[in-house]
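The opening position of the sequence shown corresponds to residue 20 in the working numbering, with each subsequent residue numbered one higher.
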Amino acid sequence: MHGLSIVRIGMIAWIPFLSAALGGLAGGALAGILIRLGVPTPPARKWCITLSALLMTAAIPAALTTSLALAVGLIATATFGYTSYTANTLPLPADVFPRNTVGSIWGLASMGSGLGGMLFSWLGGRVIDRYGYVPVFVAYGIMPLVALAIVLFLLGPLRPDPRFWQTAC
20 MHGLSIVRIG MIAWIPFLSA ALGGLAGGAL AGILIRLGVP TPPARKWCIT
70 LSALLMTAAI PAALTTSLAL AVGLIATATF GYTSYTANTL PLPADVFPRN
120 TVGSIWGLAS MGSGLGGMLF SWLGGRVIDR YGYVPVFVAY GIMPLVALAI
170 VLFLLGPLRP DPRFWQTAC
């Protein structure tokens, strides 16, 4: 798309990975700061998840720009958002479900994640072969908003189970 040599790719390909590493740290740190300021854990995570999902939408304009620097910056923003999102969604089951159910919940979530990864790898390859990268980047920019809607609206208020606090203390 941008006619890059392998050397040029090597010079810039690390940027989204560094951004991803920083996003994971920042997402966890932001949630921790909010919790220390007195925001209950589930709402603190929901705020961080919302911000992170919005950052991931940067994948959409990344596919549409002709500027290499802008594309790399937008992809780095999306990867930062992705790992920040992950840092806040991974602990949610332990935050809101009784201790004796967390393992089962994680088992189901991991199975769904593995199946989803296989499906989207297969489907993404087919779409790229037929239509190019733009539809895949647009889908990857929209999917976090769908996941956010599920977390915010379908899962309810995400209040910790009272039994969690009784067994944790």
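Cβ coordinates follow ideal geometry from the N, Cα and C atoms, glycine included.
Buried versus exposed, by CB contacts within 10 Å (16 or more), residue i
i, result
"residue 24", "exposed"
"residue 131", "exposed"
"residue 85", "exposed"
"residue 165", "exposed"
"residue 138", "exposed"
"residue 22", "exposed"
"residue 26", "exposed"
Contacts around residue i, its chain only, beta-carbon distance under 7 Å, and the 5 residues preceding and following it disregarded
i, result
"residue 79", "156, 157, 160"
"residue 95", "34, 35, 38"
"residue 82", "152, 153, 156, 157"
"residue 54", "60, 63"
"residue 75", "97, 100, 101, 104, 160, 163"
"residue 121", "112, 113"
Contacts around residue i, its chain only, beta-carbon distance under 8 Å, and the 5 residues preceding and following it disregarded
i, result
"residue 58", "66"
"residue 124", "112, 116"
"residue 107", "46, 47, 50, 64, 67, 68, 71"
Option in the options with minimal Cα separation from residue i
i, options, result
"residue 39", "82, 92, 56, 101", "101"
"residue 114", "62, 167, 27, 37", "62"
"residue 41", "147, 98, 107", "98"
"residue 89", "31, 167, 146", "31"
"residue 46", "71, 27, 26", "71"
Residues near residue i by beta carbon distance below 6 Å, same chain, minus five either side
i, result
"residue 93", "77, 80, 81"
"residue 143", "155"
(request) Scan the region 91-136 and note each continuous alpha helix (DSSP H) run of 4 residues or more that stays entirely inside, going in chain order. (result) 111-115
(message) Extract the residue ranges of the alpha helix (DSSP H) inside the region 139-179, only unbroken runs of 4 or more that lie entirely within it.
(response) 153-168
(request) Could you name each continuous alpha helix (DSSP H) segment of 4 residues or more that falls completely within the region 41-77, going from the start of the chain to the end? (result) 60-75
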